[in-house]
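Visitor:
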Amino acid sequence: MKAVLLLVALGGIGAAVTEAANPGTGATAIVLMAGAVALGELVVMRPPHREPLPLAYAFMLVLIRAASPADALLAILVAELIVLPLRSGPWTERAIRSGEHSLSGIAALVVYHAVLGVDGLSPTPRVLTALGLAGITTILVHECFAFARVRRIPPLGGADLALVASGMLMAIGFRGVEAHQSVGLWSVVLFSIPLSAAWYSFERLAIISRTSEQTIEALSLVPEMAGLATPGHASRVAALSVTVGESLGMRRRDLEDLRAAALLHHLGHLCLDAEEVRDRPVEPFEVSDKGAEILRQTDLANAGDLLATDDAHVGSQILRVVSAYDDLMARGNSVEAAIDALYSGPGFVYDPRVLEALERVVTSSLVAASLVPAG
Amino acid sequence: MTTQRETRVTAYCVVLAAGAAALGAALGLRGPLPAVAPLLALAMLHVFAENQITDLTADFGSSAGVMLCTAAMVVFRADESLLGVLLVGAAGGLYLPHLLHWEWRKILFNCANFSIAAVSGAAVFWAITGSGHASPGRLLLAALPTALVYSIVNVVLVSAVVALSTGQPIRELILVGGREYLVYYPFALLGVFLGLLYLDYDVALVPLFLVPIIVARQAFSSYLALKRSHEATVRILVGALEAKDPYTAGHAERVAEYAQYIGLELGIPASRLERLRLAALMHDVGKLVVPNHLLNKPGKLTAEEFDIVRKHEDVSVEILTRIDFLAPVAPSATSEAAQFSPIADDRGQPVEPHIVAVADAYDAMTSTRSYRRALSQEIAFAELRKNSGRQFHPRVVDALISSLRRRGAVHGAGHELYVHHVSAPRGQTGSAGLGDLLGADAEEPTVRS
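Residue numbers (this note's numbering), protein chains in the order written: chain P, 2 to 376; chain U, 152 to 600.
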């Protein structure tokens, strides 16, 4: 919040100084837009399963439309520089982020002027096409950098559309096309309203998604704290199950269910009738079936299905194999011994495909770990 | 709704719709007819917007209406076709679920309400801007009083129908409803832009205008759905965990409900209420690691047993702390944070731990436990008042009592939802509970749950 206020103050001072030095030249608006780009770097949309998208991309389109190429380039670079100390995280990471976003803006600038130079279209469609393609370019360049980091194709969607559409409208409103009216900075202020509504909605969605995930993670600790499972068992089983699931080509949605089931697979133990199990050992199937019964009453019903002992789904098989593997490891077995023990069990207990996948995953992680220099 | 009220509502809707239709007919006969293309485009957008947004909040739904009506005022300004504005407004009443279930009174009311509000707004807008050239700045300025008039008409008409159907005083409804109409102003300004864009670029740019609004709506819809699902999941999980002990079954759910009552009574903002409800729901999750025989031990606990029981607070705090959203109120789970101190209150300490403490103690007193039968509500109130200002926060105690009294809610002996078949003693010192309230042999001086 302090950073936002600081930027607003800096933008105001910058605009006042510019207006005093060059009255009526339009330079003030460019300074203000550079301030808006810097501000937009601190306000990011966080759509699900995506890298955050800065609102700055929408304001960059206004700069690209309103200023000469040299001025727009300068304004983008200055904005990214100003925002550098206000970002969070290590300095290298901040510099990389500012660099990536600058390149997204520069790519958009190039595309905009390239399309604008194409003959054969009347001015209005030409400007609209140029702005649209420039907006799409910022997103694509941004996602290319994200892909290089996470090696996963992002699900493009509403947030991208909202950014590009708002940026186009702001740019057209700021400086009309042909004889059409322009309303200057008013367009930036007003078209920020629906964009802000989109940002707010994604922000609430991100918070509740995180809360939901953290609640399941926190509840997974209860059986461990009650001494019914070894400390860290649930989170280890969840992480390894997801890795094994990924190696078997499970879809993202199924992996989420598998993770939830793995985290809560001991919860059923706490829900068993205390009087009923008072003086006898609890059987694993009782825990699983009770857990399944409870989760099936919630929106985690698919995760509940994975817990049921009669379920033949591959996720269910993964959960059983990985949980048993973690138990063996907790008893002090080596990886090889634990894998051997799982293979030597009765053939119908564990799915051989899953066992092979687990062996691949844990062996490759051992190899990877051995490549890391000690210390 | 009684038959008499129903008749009044029906009469009101019919008269309002007849008035709007008569106004439309008069405008059609006297004034110029609107151009068909913008009329269809804006009317369809209004229908679309109302159908897309109505499942969110009333603010969002209404704001889309004012935006499209203001756009119509800009578009039809040149030829002064009030009929065009009226028809665009009326289109907002075509809400699909009402049409499918043929709720004709709602359709009539909404069409009439939107059209009368739109025409009233247009009269103001055109009076300020005239029909000749007006700069965008002037149009934007004119949109503000326009939004004010639109919202006044809207709130009065809506309050009237609510007053007729529920019997609530219309003045109160207008005052409450009026507060929610601030959101109209930015959307009226956006409507000016939409109108100008339409005049300048025809319908080509309208989809661009709608994209961020639809995206915001979908993301907000997903958020609401996930929020509901998350809360339901937590309720079921905590409920299932509690269910192993019939004496505490439903405790967390009830504490969350009482905490919500107190929060509303104290005027806590919605975002904090949400946090309070979840924290209250999970405040006792640490008790799950305590063996049942200790929680329900009918008699004094040994020092060792007492330590084990008290450890549950640490577990609850650790679990709540791991959830970012609940971390600020994690101390709600400790008896220290819930202990009232006038000095801490002066320093502006969060009130949530005190709310959970009072709600928790009230439910514990009004529920049967293995070591004690439920106390009556009056005894529970008296006990809370006795400890108000010492153990409990006085404002919180007052808020709970007045809220329950106003709702007519009665809990405690004779009013429990769950009838326990185990015959619990009437009064005894309970080691982990509240049996200490009745007898003089109380060992623990404070109320605990």
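Note that CB positions come from ideal geometry on N, CA and C, so glycine has one too. These numbers come from a predicted model, not from an experiment.
(1) Does DSSP put Gly563/U in a helix, a strand or coil?
(2) Going by alpha carbons, who is nearest to Ala96/P out of Ser183/P, Leu82/P, Met46/P?
(3) Show which residues of chain U have a CB atom less than 9 Å away from the CB atom of Glu218/P.
(4) To the nearest angstrom, how far is the alpha carbon of Ser554/U from that of Leu256/P?
(5) Would you mind sorting Thr399/U into buried or exposed? The rule is 16 or more other CB atoms within 10 Å of its CB.
(6) Cβ of Ser202/P less than 8 Å from any chain U Cβ?
(7) Anything in chain B within Cβ reach of Val184/P, meaning under 7 Å, just list it in chain order.
(8) With burial defined as no fewer than 16 other Cβ atoms inside 10 Å of the residue's Cβ, what is the status of His102/P: buried or exposed?
(9) Does DSSP classify Met251/P as helix, strand or coil?
(10) Between the Cα of Lys462/U and the Cα atoms of Gly437/U, Leu551/U, Leu345/U, Gln319/U, which residue gives the shortest distance?
(11) If contacts are defined as beta-carbon pairs under 8 Å, then Leu259/P and Leu307/P qualify, I think. What distance do you get, rounded to the angstrom?
(12) With Gln411/U as the anchor, note down where its alpha helix (DSSP H) starts and where it stops.
(13) Against chain U, with Cβ distances strictly below 8 Å, would Pro155/P count as a contact?
(14) Look at the Cβ atom of Phe60/P, then the Cβ atom of Ala28/P, and state whether they are nearer than 8 Å.
(15) Anyone know if the C-beta pair for Ala109/P and Pro363/U falls short of 8 Å?
(16) Under 7 Å Cβ to Cβ from Glu416/U, same chain only, skipping five residues before and after it: list those, please.
(17) In this structure, what does DSSP give as the bridge partners for Phe543/U?
(18) Looking at chain P, which residues of the region 313-339 of chain U have a Cβ within less than 7 Å of any of its Cβ atoms?
(19) Is the region 340-356 of chain U touching the region 281-297 of chain U, taking contact as three or more C-beta pairs under 8 Å?
(20) In angstroms with no decimal places, state the Cα-to-Cα distance between Pro126/P and Tyr58/P.
(21) When burial is assigned at 16 or more other CB atoms within 10 Å of the CB, is Tyr513/U buried or exposed?
(22) Rounded to whole angstroms, what is the Cα-Cα separation between Gly414/U and Arg520/U?
(23) Take Ile295/P and list the residues in its own chain whose beta-carbon comes closer than 8 Å to its own, dropping the five residues that flank it on each side.
(24) Given this structure, state the Cα-to-Cα distance separating Leu589/U from Gly233/P, to the nearest angstrom.
(25) Between Ile295/P and chain U, is any beta-carbon pair separated by less than 8 Å?
(26) Which runs of the alpha helix (DSSP H), 4 residues or longer, sit entirely within the region 155-229 of chain P?
(27) Using a Cβ cut-off of 8 Å (strictly closer), state whether Ile140/P contacts chain U.
(28) In chain order, what residues of the same chain lie with their CB nearer than 6 Å to the CB of Glu225/P, ignoring the 5 residues before and after it?
(29) Of all the options Cys262/U, Leu315/U, Glu503/U, Leu375/U, which has the alpha carbon lying nearest to the alpha carbon of Thr158/U?
(30) Report yes or no: do the region 322-342 of chain P and the region 232-246 of chain P share at least 3 C-beta pairs separated by less than 8 Å?
(31) Starting from Arg66/P, trace the alpha helix (DSSP H) both ways and give me its first and last residue.
(32) If contact means a Cβ-Cβ distance below 9 Å, which residues of the region 185-199 of chain P contact chain U?
(33) Tell me the rounded alpha-carbon separation between Ala169/U and Val389/U.
(34) Classify Ser601/U as helix, strand or coil using the three-state DSSP reduction.
(35) On the DSSP letters alone, give me the boundaries of the alpha helix (DSSP H) that Ala370/U sits inside.
(36) Which residue wins for smallest C-alpha separation from Ser210/P, given the options Ser380/U, Leu350/U, Asp351/U, Val354/U?
Guide: Straight from the coordinates:
(1) For the purposes of this step, residue 563/U is taken as the residue at position 412 of the second sequence. Strand at Gly563/U.
(2) To locate residue 96/P, count along the first sequence from 1; it is residue 95. Taking Ala96/P as reference, the option from Ser183/P, Leu82/P, Met46/P with the minimal CA-CA separation is Leu82/P.
(3) Translated into the one-based positions of the first sequence, residue 218/P becomes position 217. Here the neighbours are Arg473, Ile474.
(4) As a working note, residue 554/U is residue 403 in the second sequence. As a working note, residue 256/P is residue 255 in the first sequence. Cα to Cα, Ser554/U sits roughly 45 Å from Leu256/P.
(5) As a working note, residue 399/U is residue 248 in the second sequence. Thr399/U counts as buried, since at least 16 other C-beta atoms from the protein chains shown sit within 10 angstroms of its C-beta.
(6) Translated into positions along the first sequence, residue 202/P becomes position 201. Yes, because at least one Cβ of chain U sits closer than 8 Å to the Cβ of Ser202/P.
(7) You won't find chain B in this structure, because its protein chains are P and U.
(8) Indexing the first sequence from 1 puts residue 102/P at position 101. Burial of His102/P is indicated by the presence of at least 16 other C-beta atoms within 10 angstroms of its C-beta.
(9) Counting from one through the first sequence, the residue named residue 251/P turns up at place 250. Three-state result, Met251/P: coil.
(10) By one-based count along the second sequence, residue 462/U stands at place 311. Minimum Cα distance to Lys462/U is reached at Gly437/U.
(11) Position 258 of the first sequence, counting from 1, holds the residue named residue 259/P. Position 306 of the first sequence, counting from 1, holds the residue named residue 307/P. Cβ-Cβ separation between Leu259/P and Leu307/P: approximately 6 Å, consistent with a contact (criterion under 8 Å).
(12) Your numbering for residue 411/U matches position 260 in the second sequence. Note, Gln411/U: alpha helix (DSSP H), 402-416.
(13) Taking the first sequence and counting its residues from 1, one reaches residue 155/P at position 154. Taking Cβ atoms only, chain U never reaches closer than 8 Å to Pro155/P, which makes this a no.
(14) Taking the first sequence and counting its residues from 1, one reaches residue 60/P at position 59. Taking the first sequence and counting its residues from 1, one reaches residue 28/P at position 27. No, they are not a contact pair.
(15) Working through the first sequence from its first residue, we reach residue 109/P at position 108. Working through the second sequence from its first residue, we reach residue 363/U at position 212. No; because the gap between Cβ atoms is not below 8 Å, this pair is not in contact.
(16) For the purposes of this step, residue 416/U is taken as the residue at position 265 of the second sequence. Answer for Glu416/U: Ala550, Ser553, Ser554, listed in chain order.
(17) Counting from 1 along the second sequence, the entry for residue 543/U is found at position 392. Bridge partners of Phe543/U according to DSSP: Ser539/U.
(18) For the region 313-339 of chain U, the set of residues with a beta-carbon nearer than 7 Å to any beta-carbon of chain P comprises Pro337, in chain order.
(19) Touching, per the Cβ criterion.
(20) By one-based count along the first sequence, residue 126/P stands at place 125. By one-based count along the first sequence, residue 58/P stands at place 57. In a straight line, the C-alpha of Pro126/P is about 21 Å away from that of Tyr58/P.
(21) Residue 513/U sits at position 362 when you count from the first residue of the second sequence. Classified as buried, Tyr513/U has 16 or more neighbouring CB atoms from the shown chains inside 10 Å of its CB.
(22) Taking the second sequence and counting its residues from 1, one reaches residue 414/U at position 263. Taking the second sequence and counting its residues from 1, one reaches residue 520/U at position 369. Gly414/U and Arg520/U have their alpha carbons spaced roughly 27 Å apart.
(23) Here residue 295/P corresponds to residue number 294 of the first sequence, with the count starting at 1. Spatial neighbours of Ile295/P in its own chain (CB-CB distance under 8 Å, excluding positions within 5 residues in sequence) are listed in chain order as Leu268, Gly269, Cys272, Gly305.
(24) By 1-based counting over the second sequence, the position of residue 589/U is 438. By 1-based counting over the first sequence, the position of residue 233/P is 232. Caution is warranted here: a pLDDT of 37 is assigned to Leu589/U, below 50, making its placement in the model unreliable, and the coordinate value is therefore given only provisionally. When rounded, the separation of the alpha-carbon atoms in Leu589/U and Gly233/P is 44 Å.
(25) Counted from its first residue, the first sequence places residue 295/P at position 294. It does: the Cβ of Ile295/P has a partner Cβ on chain U nearer than 8 Å.
(26) List check, alpha helix (DSSP H) in window: 159-175, 186-220, 222-226.
(27) One-based indexing of the first sequence puts residue 140/P at position 139. Put simply, the CB of Ile140/P is far from chain U, with every gap to its CB atoms at 8 Å or more.
(28) Along the first sequence, read from residue 1 onward, the residue named residue 225/P stands at position 224. Listed in chain order, the non-local C-beta contacts of Glu225/P below 6 Å within the same chain comprise Pro232, local neighbours out to five positions each way being set aside.
(29) In the second sequence, residue 158/U corresponds to position 7, counting from 1. Ranking Cys262/U, Leu315/U, Glu503/U, Leu375/U by CA distance to the CA of Thr158/U puts Leu315/U first.
(30) Touching, yes, given that three or more Cβ pairs across the two stretches are closer than 8 Å.
(31) In the first sequence, the residue the question calls residue 66/P occupies position 65. Element bounds for Arg66/P: 57-67.
(32) Result list: Gly185, Trp187, Ser188, Val190, Leu191, Phe192, Ile194, Pro195, Leu196, Ser197, Ala198, Ala199.
(33) In the second sequence, residue 169/U corresponds to position 18, counting from 1. In the second sequence, residue 389/U corresponds to position 238, counting from 1. Each residue's CA atom was taken as its position, placing Ala169/U and Val389/U some 54 Å apart.
(34) Residue coverage of chain U in this structure runs from 152 to 600, which leaves residue 601/U outside it and unanswerable.
(35) Counting from 1 along the second sequence, the entry for residue 370/U is found at position 219. Residues 357-393.
(36) Sequence index remark: in the first sequence, residue 210/P carries index 209 (1-based). Check the Cα spacing between Ser210/P and each of Ser380/U, Leu350/U, Asp351/U, Val354/U: the tightest is with Ser380/U.
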